[in-house]
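Undergrad: Before anything else, here's the structure in question.
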Amino acid sequence: MIILQTDQLSIAFGGVRAIDGVNLAIESGQVYSIIGPNGSGKTTLFNLVSGIYTPDDGSIRLAGEAVTGLAPDQLARRGLSRTFQNLQIFSRMSVLENVMVGRHRHERTGIFADLFHWPSVARQNQATVEAARAALARVDLADSASRPAGSLAYGALKRLEIARALASEPTLLLLDEPAAGCNPVETEEIDGVIRSIVKDGITVVLVEHDMRLVMNISSRIHVLASGRTLTEGTPEQVRSNVAVVQAYLGIHGSQESNRAFH
Amino acid sequence: MRTLLETRLLPAIVVAVIVVILPYFFPSAYYFRVGALVFIFALAVVGLNLLMGFAGQVSLGHAGFLGIGAYSVVIGPVYFGLPSWLCVFVGATVSGAVAFLVGRPILRLKGHYLAVATLGFGLLVAIVLTNEAGWTGGPDGMSVPRLALFNWQVRGSDSWYWIAGATLVGGFVLALNLMESPTGRALQAIHDSEIAALVLGIDVARKKLTIFVISAMYASVAGSYLALFNGHVTPDIAGFLRSIELVAMVVLGGMGSIVGSLVGAAVLVVLPQALTIFHEYEQALLGFILMVFMIFLRRGIVPSVAATFAGRRK
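Protein sequences, first through last, are from chains A and B. Using the working numbering, the letters of the first sequence map in sequence onto residues 1 to 262. Using the working numbering, the letters of the second sequence map in sequence onto residues 263 to 576.
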């Protein structure tokens with residue numbers, strides 16, 4: 001089944017075509033990576049798909065349903081969740097409470113029930129705590145549950161965002177550079193977390209610069225350059241694509257990028 | 263489960279105990295008056311704190327809702343012959359409805375822009391109350407009919423002390439319930455990151471509107487009580503200074519601290535009374551003390567003191 005499909009998706013900012021006619025067709029149950037040089041439109045594409053931006057042109061379908069122009073919260077209620085490149089942690093709340101917020105779309109209470117603490121709210125809170133603890137355990141943060149979220153180390157915050165997104169029980173999870181700024185050990189942990197997520201039947205769309213992680217974990221890779229599709233295919237196909245290597249070398253010109261592909 | 267319940271409502275229980283015990287230490291009946299004023303203001307401050315400290319949305323026009331509540335217990339009984347107690351509820355309903363209508367467009371705004379928009383709302387209410395003299399008595403205000411409950415004419419400060427104290431405890435319970443509920447968690451999330459709240463499925467605009475309406479109703483009830491207690495009301499109750507006073511109480515007591523709401527209200531009601539011995543320097547000294555408080559207890563009295571104690575225990 002195609003879980004996420006975009007057709008000629010486009011958006012421009014002040015005359016700059018940030019995303020220009022991008023077609024995605026993502027099969028469910030796999031890791032699908034979107035790569036490209038800085039400024040190629042990866043995060044913009046995420047912002048379009050998650051409803052933060054409204055496309056100027058083109059359409060988006062989520063599990064077959066037309067969702068173009070829906071707000072992020074409406075998409076979240078349809079099973080789409082995401083993390084952020086620059087963390088968006090609820091820093092005043094505890095680690096556990098952060099993940100509890102992720103349960104929001106499954107919580108069934110009204111404002112009067114909440115104000116008067118009807119028995120349904122107590123039951124709801126209990127269920128939310130249990131689900132949130134389970135999500136924390138999946139990213140190995142169970143021991144930090146009661147700590148203030150702001151006190152966690154960077155790598156742990158990355159995993160906290162994943163746990164929070166997982167708590168919402170998405171069918172489609174967008175991860176925006178989950179390994180950015182992580183050391184090799186932390187990246188290895190992220191790799192393991194992503195694999196376990198996919199094993200649960202959740203489709204993962206990954207934007208990531210760490211090519212080793214991308215090549216290891218992805219079923220298919222979509223390469224963007226200047227807002228357009230450069231190529232799409234399996235890791236092997238992409239690795240052997242001359243245009244891809246040139247796009248990276250053309251922008252970066254660094255040994256780093258070169259090494260990443262070989 | 264039981265301990266969870268007890269910790270959630272602990273601040274409300276503490277306040278209930280304080281309300282009951284405090285009168286034993288009152289040297290004169292005058293202190294009932296001060297106590298009643300503290301509780302009435304604290305009620306409005308709890309509501310505003312839910313909006314500001316908790317959900318992170320500022321309002322510089324909250325006295326507008328005090329005004330709506332206050333004039334409800336005048337206009338209702340005088341022009342429509344309604345009982346005063348009913349008008350407290352009518353006022354809260356009207357305030358909630360006004361907050362709903364005003365909140366929809368202005369809660370899209372953020373930070374300073376929201377501050378100025380709410381400021382405008384407060385000014386608007388004050389000007390309407392001043393100009394609609396046929397209904398409100400204009401700038402001179404009106405005298406407020408006494409509250410009557412089952413043939414009991416409520417007049418003494420001690421009666422109002424108990425009514426306001428009981429209502430405050432109720433206000434505490436509702437606020438504390440809300441904080442530990444799905445809605446409460448959503449509001450806190452909005453405070454820290456609206457974008458993250460959105461992508462987790464929280465209808466941010468609706469949640470903001472909900473808390474704005476609730477906080478308006480808190481203020482409205484407080485305004486009704488204030489009018490009934492004083493026996494006279496002028497448009498000043500909805501004025502800019504009143505709004506600022508409420509914000510100062512929230513910040514001084516501690517943003518997001520329900521207990522802080524009572525402490526902030528107590529300090530700003532009691533301090534001016536205590537400082538009257540300094541005559542013309544009263545206001546200047548009050549300003550100075552507020553500055554000192556904020557410099558040394560920058561997160562507000564209750565959170566700062568709590569943090570100090572928590573640090574010492576470790």
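For every residue, glycine included, the Cβ atom is placed at its ideal position computed from N, Cα and C.
In angstroms, rounded to a whole number, what distance separates the CA positions of leucine 175 (chain A) and methionine 93 (chain A)?
TA: 22 Å
Undergrad: Closer than 7 Å by C-beta to alanine 142 (chain A): which residues in its own chain qualify, once you throw out the five before and the five after it? Chain order, please.
TA: Arg133 and Leu136
Undergrad: Look at leucine 430 (chain B) and arginine 270 (chain B) and say whether their C-beta atoms are less than 9 Å apart.
TA: Cβ atoms of leucine 430 (chain B) and arginine 270 (chain B): not closer than 9 Å.
Undergrad: According to DSSP, simplified to helix, strand and coil, what is serine 94 (chain A)?
TA: strand
Undergrad: Quickly, what does DSSP pair isoleucine 60 (chain A) with across the bridge? List them, please.
TA: A:Thr6
Undergrad: May I ask you to list, following chain order, the residues of the region 93–111 of chain A that have a beta carbon less than 7 Å from some beta carbon of chain B?
TA: Met93, Glu97, Met100, Val101, Gly102, His104, Arg105, Glu107, Thr109 and Ile111
Undergrad: Please confirm whether glycine 36 (chain A) and alanine 225 (chain A) have their CB atoms less than 9 Å apart.
TA: yes
Undergrad: Using the beta-carbon count (16 or more within 10 Å), is alanine 373 (chain B) buried or exposed?
TA: First, the amino acid is wrong: residue 373 (chain B) is glycine here, not alanine. Glycine 373 (chain B) comes out exposed.
Undergrad: So the candidates are B:Gly526, B:Ala546, B:Leu462 and B:Ala410; which of them puts its Cα closest to the Cα of glycine 343 (chain B)?
TA: B:Ala410
Undergrad: For valine 461 (chain B), which residues in chain A fall below 7 Å Cβ to Cβ?
TA: Ser50, Pro72, Ala76, Ser81 and Arg82
Undergrad: Taking 9 Å as the threshold (beta carbon to beta carbon), is serine 519 (chain B) in contact with chain A?
TA: no
Undergrad: From B:Pro345, B:Gly329 and B:Gly358, pick the residue whose C-alpha is nearest to that of methionine 479 (chain B); which is it?
TA: B:Gly358
Undergrad: Looking only at its own chain, which residues have a Cβ that is under 6 Å from the Cβ of alanine 481 (chain B), when we skip the five neighbours before and after it?
TA: Ala306, Gly309, His324, Phe327 and Leu328
Undergrad: For serine 120 (chain A), which residues in the same chain have their Cβ closer than 7 Å to its Cβ, ignoring the five residues on either side in sequence?
TA: Thr109 and Ala113
Undergrad: Give me the DSSP bridge partner(s) of histidine 222 (chain A).
TA: A:Ile34 and A:Glu232
Undergrad: Would you mind sorting threonine 570 (chain B) into buried or exposed? The rule is 16 or more other CB atoms within 10 Å of its CB.
TA: exposed
Undergrad: Shorter than 9 Å from the beta carbon of asparagine 439 (chain B) to some beta carbon of chain A?
TA: yes
Undergrad: Could you compute how far the alpha carbon of valine 531 (chain B) sits from the alpha carbon of alanine 484 (chain B)?
TA: 14 Å
Undergrad: On the criterion of 16 or more Cβ atoms from any shown chain inside 10 Å, does glutamine 450 (chain B) qualify as buried, or is it exposed?
TA: buried
Undergrad: Using a Cβ cut-off of 9 Å, which residues of the region 120–135 of chain A contact any Cβ in chain B, in chain order?
TA: Val121, Ala122, Gln124, Asn125, Gln126 and Thr128
Undergrad: So, at 6 Å on beta carbons, what are the nonlocal neighbours of glutamate 442 (chain B) in its own chain, with the 5 sequence-adjacent residues on each side left out?
TA: These residues qualify, in order along the chain: Arg270.
Undergrad: Fully enclosed by the region 353–411 of chain B, which beta strand (DSSP E) runs are 3 residues long or longer?
TA: Restricting attention to beta strand (DSSP E) runs no shorter than 3 residues, the region 353–411 of chain B encloses them at 409–411, ordered along the chain.
Undergrad: Looking only at its chain, what residues have a beta carbon closer than 6 Å to the beta carbon of serine 505 (chain B), apart from the 5 residues adjacent to it on each side?
TA: Leu322, Gly323, His324, Ala325 and Gly384
Undergrad: My output table needs one value for alanine 243 (chain A): the three-state DSSP class, helix, strand or coil.
TA: helix
Undergrad: Would the region 462–478 of chain B and the region 381–396 of chain B be scored as touching if the rule is three or more Cβ pairs under 8 Å?
TA: no
Undergrad: Going by Cα to Cα distance, which pick from B:Leu524, B:Ala458 and B:Thr496 is closest to leucine 87 (chain A)?
TA: Leucine 87 (chain A) has its Cα closest to that of B:Ala458, out of B:Leu524, B:Ala458 and B:Thr496.
Undergrad: Going along chain A, which residues have a C-beta under 7 Å from threonine 445 (chain B)?
TA: Ile111 and Asp114
Undergrad: Using a cut-off of 9 Å between C-beta atoms, extract the partners of arginine 164 (chain A) located in chain B.
TA: In chain order: Ala458 and Leu462.
Undergrad: At which residues does the alpha helix (DSSP H) containing alanine 489 (chain B) begin and terminate?
TA: 466–492
Undergrad: Using the Cα positions of alanine 167 (chain A) and methionine 100 (chain A), report the straight-line distance between them to the nearest angstrom.
TA: 7 Å
Undergrad: Sort B:Asp498, B:His453, B:Leu272 and B:Pro285 by Cα distance to asparagine 393 (chain B) and report the nearest one.
TA: B:Asp498
Undergrad: Which first and last residues belong to the beta strand (DSSP E) in which isoleucine 19 (chain A) is found?
TA: 16–27
Undergrad: Decide if lysine 199 (chain A) is buried, meaning its Cβ has at least 16 other Cβ atoms within 10 Å, or exposed.
TA: exposed
Undergrad: Classify serine 33 (chain A) as buried or exposed, calling it buried when 16 or more other Cβ atoms lie within 10 Å of its own Cβ.
TA: buried
Undergrad: Compare the C-beta of phenylalanine 13 (chain A) against all C-beta atoms of chain B and say whether one is closer than 9 Å.
TA: no
Undergrad: For glutamate 105 (chain A) versus alanine 76 (chain A), is the C-beta spacing smaller than 9 Å?
TA: The displayed chain sequence assigns arginine, not glutamate, to residue 105 (chain A). Their beta carbons are under 9 Å apart, which means arginine 105 (chain A) touches alanine 76 (chain A) by this criterion.
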